[in-house]
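In terms of my numbering, the sequence shown has 860 at position 213, counting the first letter as 1, and numbering is strictly consecutive. Glycine included, each C-beta is placed from N, C-alpha and C at the ideal position. This one's a predicted model, so the numbers in the text were calculated from it and none came from an experiment. Step one of this worksheet: look at the structure below.
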Amino acid sequence: MFELTEKTAEQIVFAMEDQENASVVDLESGEVLPAAGLSGERFAKPPTWSSREGFKLMEDFLSSVRQPSARRELSAALARGRGVFKAFKATLAEHEELERAFREFKIRAIKRTIAMWYDDLREARGLERLGPEPEDTDELLASDLDIHLLELDEARALLAPMIDEAEGESIESLPGPIAAYELAKLRAEIAAGPRALCAVADDGEGGALGVALGFRIVLGERGFGRIAFLMVKREFRRMGLGTALLGALTQAFEDEGISLVMLDSAFLPPELGASLAALGFISYGLRAITRQD
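Following this line, the structure appears as structure tokens:
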């Protein structure tokens with residue numbers, strides 16, 4: 648069984664994308680060869696890469712695009728019936744950075760498919776599966792993301808629509824009176840204008856993909872940071888953005904000499920708990936509701 652090297656994977660990628668010529672992979676050497684006249688257990692077809700996989704890839708890439716205008720254009724291209732691939736490619740061509748990012752995104756996806764195909768071949772021959780190499784998603788996120796630290800007055804225009812979005816979503820998770828109470832309390836704190844700091848994930852066009860708001864609390868000679876609000880736009884969740892915002896804000900407090908930070912928000916999902924532990928947060932106390940109808 649051949650060794651799946653970077654060079655071999657690149658050759659298989661090329662064969663998968665070549666829709667006009669049939670190829671096979673020599674399982675002893677890893678060489679990609681024309682399929683004509685070659686058959687038997689020594690040879691295997693490259694992994695399938697159909698239009699279905701291609702369309703799914705474009706959908707997945709769209710979910711990672713942060714610029715609103717580019718998202719709208721790519722979304723419109725995907726909504727087309729005939730010529731969707733050509734339209735998507737033409738739209739990418741108008742955004743040089745996105746075009747390059749899509750190519751890298753596609754290569755990573757295809758190589759994951761190749762790794763699974765390779766493992767299946769190994770298993771069929773009684774060999775141990777190697778498993779996929781871990782992907783450093785934090786590094787990928789950081790490379791594509793700009794997080795700015797702004798004082799409250801600078802961030803108000805970005806913060807307001809995020810709070811409005813949280814208000815709309817709160818109906819799904821909180822009883823109306825409690826949601827109204829929590830939102831009124833948060834807005835009153837912001838209006839009072841205390842010393843506060845915001846971590847803002849820039850969307851590249853003057854807006855925000857997500858924000859984290861933290862107040863500086865001073866008690867005599869002591870103090871701590873209190874993160875009172877964290878919100879990420881729905882379409883950008885499950886990418887580690889919320890954790891990145893919390894990490895940036897916590898680090899900013901630490902850089903100011905504030906080593907103690909408390910997270911206190913009524914609008915966070917319970918599943919965030921695992922990420923908080925990774926950032927060094929420890930749960931304390933309890934907040935719960937009951938309704939006797």
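Q.
Could you tell me the alpha carbon to alpha carbon distance between Arg755 and Glu746, rounded to whole angstroms?
A. 14 Å
Q. Where does Ser722 fall in DSSP's three states?
A. helix
Q) Looking at the structure shown, is Val731 part of a helix, part of a strand, or coil, going by DSSP? A) Reduced to three states, the DSSP call for Val731 is helix.
Q | Gly872 - DSSP class collapsed to helix/strand/coil | A | strand
Q) Between Glu836 and Met878, which are expected to be in contact by the criterion C-beta below 8 Å, what is the C-beta distance as a whole number of angstroms? A) Not really, about 15 Å apart at Cβ, beyond 8 Å.
Q | Closest Cα partner of Pro808 within the set Phe735, Gly857 and Pro694 | A | Gly857
Q. Per the contact definition of three or more C-beta pairs closer than 8 Å, is the stretch 683-700 in contact with the stretch 716-726?
A. no
(Q) For Asp785, count the other beta carbons within 10 Å of its own beta carbon; 16 or more makes it buried, fewer makes it exposed. Which is it? (A) In this prediction, Asp785 scores a pLDDT of 42, lower than 50, which makes its location untrustworthy; the coordinate-derived value is nonetheless stated afterwards. So Asp785 ends up on the exposed side.
Q) For the alpha helix (DSSP H) that Val865 lies in, which residues bound it at each end? A) Here Val865 belongs to no alpha helix (DSSP H); instead the beta strand (DSSP E) covers Ala855 to Leu866.
Q: Compute the distance between the beta-carbons of Glu852 and Ser716, then report whether it is under 8 Å.
A: Pairing Glu852 with Ser716 gives a Cβ-Cβ distance under 8 Å.
Q | Test item: CB-CB of Ile810 and Arg834 under 8 Å | A | yes
Q: Assign Glu741 to one of three DSSP states: helix, strand, or coil.
A: Looking at Glu741 - three-state DSSP - the assignment turns out to be coil, as it is neither helix nor strand.
**Q.** Buried versus exposed call for Lys654 [16 or more other C-beta atoms within 10 Å across all chains shown]
**A.** exposed
Q | Contacting residues, own chain, Cβ-Cβ under 6 Å from Leu685 (five flanking each side not counted) | A | Contacts found: Val671.
Q: Could you check the C-alpha separation between Arg863 and Arg750 for me, to the nearest Å?
A: 43 Å
Q: Would you list, in sequence order, the uninterrupted beta strand (DSSP E) runs of no fewer than 3 residues that lie entirely inside the stretch 784-854?
A: Listed in chain order, they are 794-798 and 843-849.
Q) Using the beta-carbon count (16 or more within 10 Å), is Leu907 buried or exposed? A) exposed
(Q) Mapping the DSSP letters down to three states, classify Met763 as helix, strand or coil. (A) helix
**Q.** Phe702 - DSSP class collapsed to helix/strand/coil
**A.** helix
(Q) Given a cut-off of 8 Å on the beta-carbon distance, is the pair Phe883 and Phe914 in contact? (A) The beta carbons of Phe883 and Phe914 sit no closer together than 8 Å.
Q | Val646 in three-state terms, based on DSSP | A | No answer is possible for residue 646: the residues shown for the chain start at 648 and end at 940.
Q: Write down the C-beta distance between Ile794 and Ala831 rounded to the nearest angstrom, noting that I regard them as a contact closer than 8 Å.
A: Incorrect: roughly 28 Å between the Cβ atoms, too far for contact.
(Q) Considering Cα atoms alone, identify which of Gly904, Leu933, Gly870 and Leu892 is closest to Ser922. (A) Leu892
Q: Output the distance between the C-alpha atoms of Ile818 and Leu805, rounded to the nearest integer angstrom.
A: 22 Å
Q.
Could you tell me the alpha carbon to alpha carbon distance between Arg934 and Asp911, rounded to whole angstroms?
A. 10 Å
Q) If you pair each beta-carbon of the stretch 673-681 with each one of the stretch 698-710, do three or more pairs fall below 8 Å? A) The stretch 673-681 is not in contact with the stretch 698-710.
Q | Nearest neighbour of Phe708, chosen from Gly773, Phe752 and Val660 [CA to CA] | A | Phe752
Q: State yes or no: is the C-beta of Ala826 within less than 8 Å of the C-beta of Cys845?
A: no
Q: Could you tell me if Met886 is buried or exposed, where buried requires 16 or more neighbouring beta carbons within 10 angstroms of its beta carbon?
A: buried
Q. Starting from Asp673 and walking both ways along the beta strand (DSSP E), at which residues does that stretch end?
A. Ser670 to Asp673
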